[in-house]
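Notes for the one structure printed next.
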Amino acid sequence: MQQALLAAAEAAADAAGAVIRPLFRSALLVEAKGDASPVTEADRAAERAIRALLAERFPSHGVIGEEYGAERADADYVWVVDPIDGTRAFVTGRPLFGSLIGLLHHGRPVLGLIDQPATGERWVGLEGAPLRFQGPMGGTPRTRPCARLAAAELSCTSHEMFTPEEAPRFAKVRAAARRVTWGGDCYAYGLLALGLVDVVVESDLKPWDWAALVPVVEAAGGAMTDWQGNPLRLGASGQVAAVGDKALLPEICRLLA
């Protein structure tokens with residue numbers, strides 16, 4: 021069963037990549053959704069390709085996607101997909117976006133895939149197995165030791181994702197870290213899984229933003245929780261902390277409390 025699930029995730033990523041690659045750095049119309057976030061036909065077409073393949077392989081499974089909502093969300097197995105995580109990066113020609121394909125079993129993330137179709141990089145995390153990474157630029161699929169925040173590389177997509185109440189809490193983490201890098205979206209979690217980033221702290225993440233990332237981070241040796249150190253589940257607050265070295269998590273959660 022695991023291998024069939026993994027094969028479906030990889031095939032879905034291949035299908036999405038075939039849609040996305042020809043449209044990257046092209047003159048696409050960029051529309052604004054109700055929350056003012058950007059969306060393009062590449063997002064929609066890639067999600068349709070993913071959904072079609074998953075429905076063919078596993079018709080009884082549920083699917084939750086950013087562009088087309090939820091189907092059978094109460095199923096035992098639910099796929100959670102974001103066809104282009106980092107649409108802002110995509111429409112400005114920066115290869116920091118990715119297709120995210122995650123699988124929940126009874127609400128728990130058990131499989132996750134990050135695919136960067138422009139660079140040819142792919143991270144695959146499967147419960148009980150080591151992280152698998154492939155890409156032309158190389159990389160070691162393992163987090164690195166970093167038990168002190170003062171020595172840590174921190175990443176965050178944008179300071180705008182924090183509410184006025186959350187911003188001072190994040191500021192404490194930022195002040196304690198070695199330095200911060202902005203604008204990574206899902207790619208930052210991939211870099212954490214390669215031992216190049218130590219901490220990612222974000223907020224306002226939807227299930228399709230984090231479901232695929234949890235198995236990737238965990239398979240690389242790290243941990244990914246909410247700001248209180250609890251496992252991420254559907255209905256969670258959207259506050260996320262990922263660490264390469266699990267010893268960092270208590271300090272991060274204390275500063276975010």
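Positions in the sequence shown are counted from 1; adding 20 to them yields the numbering used here.
Just so you know, even glycine gets a beta-carbon here, dropped at the ideal spot from N, CA and C.
Asked                                                                                                     : Found
C-alpha gap between Leu278 and Ala243, whole angstroms                                                    : The structure shown has nothing for residue 278, since the chain only spans 21 to 277.
Segment contact flag, the stretch 67-80 with the stretch 94-109, C-beta cutoff 8 Å, min 3 pairs           : yes
Of the listed residues Arg274, Pro251, Gly241 and Ala208, nearest to Leu120 (C-alpha basis)               : Ala208
Range of the contiguous alpha helix (DSSP H) that encloses Cys206                                         : Cys206 to Ala213
Validate contact between the stretch 165-179 and the stretch 132-150 using beta carbons, cut 8 Å, 3 pairs : no
Same chain, Cβ closer than 6 Å to Leu276, five either side skipped, listed in chain order                 : Arg189 and Trp247
Under the three-state DSSP convention, the category Cys176 falls into                                     : strand
Nearest-angstrom Cα separation, counted from Val39 out to Ser80                                           : 25 Å
Whole-Å CB distance - Pro161 paired with Ala240, under 8 Å assumed                                        : 6 Å
Unbroken beta strand (DSSP E) run spanning Trp228, endpoints                                              : Segment Pro227 to Trp230 is the alpha helix (DSSP H) holding Trp228; no beta strand (DSSP E) there.
Nearest candidate by alpha-carbon position, reference Val59, set Ala28, Leu26 and Asp105                  : Asp105
Test item: CB-CB of Leu174 and Arg194 under 8 Å                                                           : yes
Contact under 8 Å by Cβ, Ala232 with Leu133                                                               : yes
Status (buried if at least 16 other CB within 10 Å, exposed otherwise) for Gly85                          : buried
Cβ neighbour criterion (16 or more within 10 Å) applied to Trp230                                         : buried
Beta-bridge partners of Phe4, as assigned by DSSP                                                         : The structure shown does not extend to residue 4, since the chain spans only 21 to 277, so no value can be given for it.
Closest Cα partner of Asp63 within the set Gly82, Ala33 and Glu76                                         : Ala33
Between the CA atoms of Glu222 and Val234 - distance to the nearest angstrom                              : 14 Å
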